[in-house]
Structures are given as C-alpha cells and as structure tokens.
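Take a look at the structure below.
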Amino acid sequence: MLKHDYMEINSQGHLVIGGCDTVELCAAYGTPLYVMDEDRIRSNMRAYKNSIDKFYSGHGRCLYASKAFSTMYMYRLAGEEGLGVDVVSGGELYTALKAGFDPAKIVFHGNNKSYDEIEMAIKAGVGRLIVDGDGEIEKIDAISKANGVVTNIMIRVKPGVDAHTHEFISTGHIDCKFGFAIENGEAAKFIRHAMTFENVRICGLHCHIGSQIFLFEPFRHTAEIMMNFYVRLKAELGLSLAELNLGGGFGIKYVEGDTPVPFEGYIEAVSDTIKDICSANGIEVPFIYMEPGRSIVGDAGITLYKVGTIKDIANVRKFVSVDGGMADNPRYILYGSEYDAILANRACDEAKEYVTVCGKCCESGDIIIDRCHLPKARSGDILAVMSTGAYNYSMASNYNRIPRPPVVMVSNGQHKLIIKRETYDDIIKNDLL
Ligand code: LLP
Numbered sequence: 401m402l403k404h405d406y407m408e409i410n411s412q413g414h415l416v417i418g419g420c421d422t423v424e425l426c427a428a429y430g431t432p433l434y435v436m437d438e439d440r441i442r443s444n445m446r447a448y449k450n451s452i453d454k455f456y457s458g459h460g461r462c463l464y465a466s467k468a469f470s471t472m473y474m475y476r477l478a479g480e481e482g483l484g485v486d487v488v489s490g491g492e493l494y495t496a497l498k499a500g501f502d503p504a505k506i507v508f509h510g511n512n513k514s515y516d517e518i519e520m521a522i523k524a525g526v527g528r529l530i531v532d533g534d535g536e537i538e539k540i541d542a543i544s545k546a547n548g549v550v551t552n553i554m555i556r557v558k559p560g561v562d563a564h565t566h567e568f569i570s571t572g573h574i575d576c577k578f579g580f581a582i583e584n585g586e587a588a589k590f591i592r593h594a595m596t597f598e599n600v601r602i603c604g605l606h607c608h609i610g611s612q613i614f615l616f617e618p619f620r621h622t623a624e625i626m627m628n629f630y631v632r633l634k635a636e637l638g639l640s641l642a643e644l645n646l647g648g649g650f651g652i653k654y655v656e657g658d659t660p661v662p663f664e665g666y667i668e669a670v671s672d673t674i675k676d677i678c679s680a681n682g683i684e685v686p687f688i689y690m691e692p693g694r695s696i697v698g699d700a701g702i703t704l705y706k707v708g709t710i711k712d713i714a715n716v717r718k719f720v721s722v723d724g725g726m727a728d729n730p731r732y733i734l735y736g737s738e739y740d741a742i743l744a745n746r747a748c749d750e751a752k753e754y755v756t757v758c759g760k761c762c763e764s765g766d767i768i769i770d771r772c773h774l775p776k777a778r779s780g781d782i783l784a785v786m787s788t789g790a791y792n793y794s795m796a797s798n799y800n801r802i803p804r805p806p807v808v809m810v811s812n813g814q815h816k817l818i819i820k821r822e823t824y825d826d827i828i829k830n831d832l833l
C-alpha cells in the first residue's frame, strides 16, 4: 500500500492530504473525487525552476505540459510560480488565456493544428509555435503576414533515441507521427525550407522522446544529439539557434519499485553536455526549455472512491468494485498502467489480501488496479488511489454517460473546489431531439 511521504495518517486512522482528512472530503464533495495537493504541485514546479537556476545559470524556462492536467486553476498556479506552459490544442490554449495566463509564455504544440488554431494562437500572441509537419509553416507564414507579425517558431525533430517506455508514449524514434527525423535528413531538409519564409523566425528546435521515463541516459544522449545537430546546422546552413526545447517525460512513482530520475541530476547532466558541446564548437549556449507534465502534477493527486460490490470468485480472484472506473482513469485499459491504493478510512489496517480493483463501467477491461494489496475491504470503505494527478482528469470521458468527478485542491488544511462535478444535465447539454 503506497502512501507518499507528504501525506499523513491521523489519529482516526484516516488518510490526510494537504492537511485535509480524506474521509471528510468525501463527506463534503461525494465520490469519486479527485484531490490535488497544491503545495506538492508548487514544490515540484520549484524543483525544476531551482535546478535550471542552479545548473544552467537560470538560462532556461520550465514549461508545464498542461495536457497532464489542464484547468484554469493550474494555469494560474504555473503563472504564479513563474513557469511557462505547453498547450496542444485550441481548447488548452483557450483555457490558459481565460485564466489570464501570459500568452508570451505559452508554447503551442500539435502534429495537426487546424488553420483556426494557428490563427487563434497568432492573434493571441503566443510565445512559440512548434512546427511539426509539412504544410503548417505555409499557414503560419500566411496568417502572420495577414496580421502584420513575425511569428517565433521552433521545429520539432526526432532525435532517434529509444526512451525505453511504453510504445504508445514513446516519441523520439523515426517511426512516430511527431516531428522530422534527424537520421534520414528530413529535419535538415525541412529547416532549409523553413528558412525561406519571411514572416517566421526560427528560434530553435524541439524534441520530446517519450513519457514516464526512468532512465537517465536517454535524456543526456538526446541533449548530445540535439547539440551536435545545432553544430551541423551552423556549419552547413549558417543557422545559429538561440533556443533548445528538450521536452518532458520524467517518470514518477506509481508503485513501490518505481525509481524516478531526480530532476536535479538530470538537469545537471544535460546542462554539462550542452555547455561542453557549445564550448568545444564555439557556439552560443542556448536558452533551454523543459516541458514536464506528469512530474509536476502526477504524485500530487489521488482519487477517492467508495467501495461497492465485492465479488470473491473462489480460486480465481476477488473483485472490489468502486464507484468510478475507466471513465475517470483510462490508463490501465490504455497502457496496462500500474497504480497502488490505500483504504483511506482504515489507513493503519494491515494489507491482508490481493484483489482486483474494478470500476462500474460496462466493460471487462474496466480495471483500475489489477493486483492490489489491501486490508479486507468492505462495502462503504473509501479507497484512495495514489498518483492520479496526471492524465486522469485530463483523459476522463463520459463513457456510459458517467459524469466526470470534481477536483478539489487542498493546502494547509483548506480545501477548494476547482472543477465542479458534472451533472446529468451537463451530460445531455449538447444532445438534440
Ligand atoms: N512535451 C511534449 C511535446 C509532449 O508530447 C508531452 C507528453 C510532454 C511534454 C509531457 O510529458 P510528461 O512530462 O507528462 O511525461 N497519456 C499518457 C501520456 C502521454 C504524454 C503525451 N505527451 C499517459 O497517461 O501516460
């Protein structure tokens, strides 16, 4: 039963997060309920910022990859902590702008941005557009010209690094829909083409090798490949690039045995690699961007469910059903992801059996945790699933017309609703008879 160090158990044996008793939170807001610890999010953000200050003389910026958990409150937090943000759609951009986020600190991604999304970004004055495919730069150039601006772009490349993570979240290799590969010459060819447009300015290159990565070396190796490519571009095209975006992908602890890369060490190694290559080749040390999503919010969130039906199938397995499921956390059904949980109302009870925690959706694969070590659960218990802060709410659906749960932010014993629970009327609001 994993419990993060920053959480506590009170004298009633209840799990406490951000100074709030999880059983009381359930009584106040109902279940299922996403709970996010604001102090943990802020300290994760500061760890990146401080490491860039310490190892790279502050010559960089951490961008929160908001796809991990996009809501107005998060853009406010990122702004207060001095971070930029990465958005990947008109919807994320709209949310950031509505939250009052500084457009100059927004980086806009996407392998198939629509004309309208590009126009929206340019009109809003977004800081950097990441060009990801053929045809896009023509649109950016034309829209920029029509609006009388020069748009700052970065070009996404595939460094050809194997990130040793799940195939669906691995993005640095040639057989991937994002960006232009370095190894077959398409990146250099595209950059040469991009240099011919008058209404764009190429600030640098972007790469992102994948997500939930525990190994240190792929990140360092990526920085090396990228910098060697910068050296080549300078020599072959006379192009000096002042910025480098290294993406995100830092793994977090979901279950015992997960060993996240400490960001400090990572940023130190990457910084050294970049500086060494720059000084050996007489090129300028670029301003760097890092784009963590999961490692900012992932371990700061939990989901609280109420235990319902329990089905003990002799010699097969015991199913413990909860009142949510793949609609609020589709990561098991998508990636076979592992999670751990604790009985929040009996957090001191000893784990006695292995059970399968399943949801209430009409689908056999609707599992949250395939093998979960728990005390003997009873109907009515509160189950807290750990590390659900990233890619849970943001990937939730209304499958089976289940309303999405609310999100509560906790800090110092205070709780604040930051996303309301959906109602049945929300569910039918776009239906027409
Ligand atoms: N930058 C780019 C360009 C990305 O594509 C991503 C994630 C990130 C940054 C942030 O990566 P992170 O630090 O969060 O690993 N739904 C999947 C994860 C998909 C990640 C997509 N891109 C999951 O639930 O594991």
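Each residue of the sequence shown is one higher than the one before, starting from 401 at the first, in our numbering.
The beta carbon of each residue, even a glycine, is placed where N, CA and C say it ideally should be.
All of these numbers come straight from a predicted model, not from anything done at the bench.
Near ligand 1: residue 691 beta-carbon under 7 Å from a heavy atom
yes
May I ask you to check if the CB of residue 608 is nearer than 7 Å to at least one heavy atom of ligand 1?
yes
Expressed to the nearest angstrom, what Euclidean distance is found between the alpha-carbon atoms of residue 696 and residue 512?
26 Å
First through last residue of the alpha helix (DSSP H) which encompasses residue 536:
536-546
Can you give me the Cβ contacts of residue 665 inside the same chain, cut-off strictly under 8 Å, excluding the 5 residues immediately before and after it?
616
For ligand 2, I want to know if residue 446 counts as a neighbour, meaning its beta carbon is within less than 7 Å of at least one of the ligand's heavy atoms.
The model depicted lacks ligand 2 and carries ligand 1 instead.
Since residue 425 is in the alpha helix (DSSP H), which residue starts that stretch and which ends it?
422-429
Could you give the residue range of the beta strand (DSSP E) that holds residue 643?
643-645
Is it the case that the Cβ atoms of residue 684 and residue 640 are separated by a distance below 8 Å?
yes
Is the beta carbon of residue 461 less than 8 Å from the beta carbon of residue 630?
no
Give me the Cβ distance between residue 622 and residue 701, rounded to the nearest whole Å; I'm assuming they're in contact under 8 Å.
Incorrect: roughly 28 Å between the Cβ atoms, too far for contact.
Same chain, Cβ closer than 8 Å to residue 544, neighbours up to 5 away in sequence not counted:
522, 550, 551, 599, 600
Measuring alpha carbon to alpha carbon, tell me which of 825, 670, 637, 712 ends up nearest residue 618.
670
Contact belief for residue 561 with residue 613 at Cβ below 8 Å, rounded distance in angstroms
That pair is no contact at about 10 Å.
Is residue 573 near ligand 1, with its Cβ less than 7 Å from a heavy atom?
no
Using CA coordinates, which residue listed in 753, 720, 735 is at the minimum distance from residue 782?
720
Just checking my contact of residue 663 with residue 794 at CB under 8 Å: how many whole Å lie between their CB atoms?
Residue 663 to residue 794, Cβ: 21 Å. No contact.
Suppose you measure from the CA of residue 620 to the CA of residue 590; what does that come to, to the nearest Å?
25 Å
Less than 8 Å separating the beta-carbons of residue 508 and residue 479?
no
By Cβ distance, which residues of its chain are closer than 7 Å to residue 801, with the 5 residues on each side in sequence left out?
827
Have a look at residue 406 and residue 716 and give me their C-alpha separation to the nearest angstrom.
36 Å
Reduced DSSP category for residue 690 - H, G, I as helix; E, B as strand; rest coil
strand
Proximity of residue 708 and residue 779 at Cβ, strictly below 8 Å:
yes
What's the call for residue 547, buried or exposed, on a 16-neighbour Cβ count within 10 Å?
exposed
Which stretch, first to last residue, makes up the alpha helix (DSSP H) that contains residue 621?
617-637
Out of 661, 660, 825, 686, point me to the one whose CA is closest to residue 672's CA.
686
Between residue 454 and residue 443, what straight-line distance do the alpha-carbon atoms span, to the nearest angstrom?
16 Å
Is any non-hydrogen atom of ligand 1 found closer than 7 Å to the C-beta of residue 467, if you look at the structure I gave you?
yes
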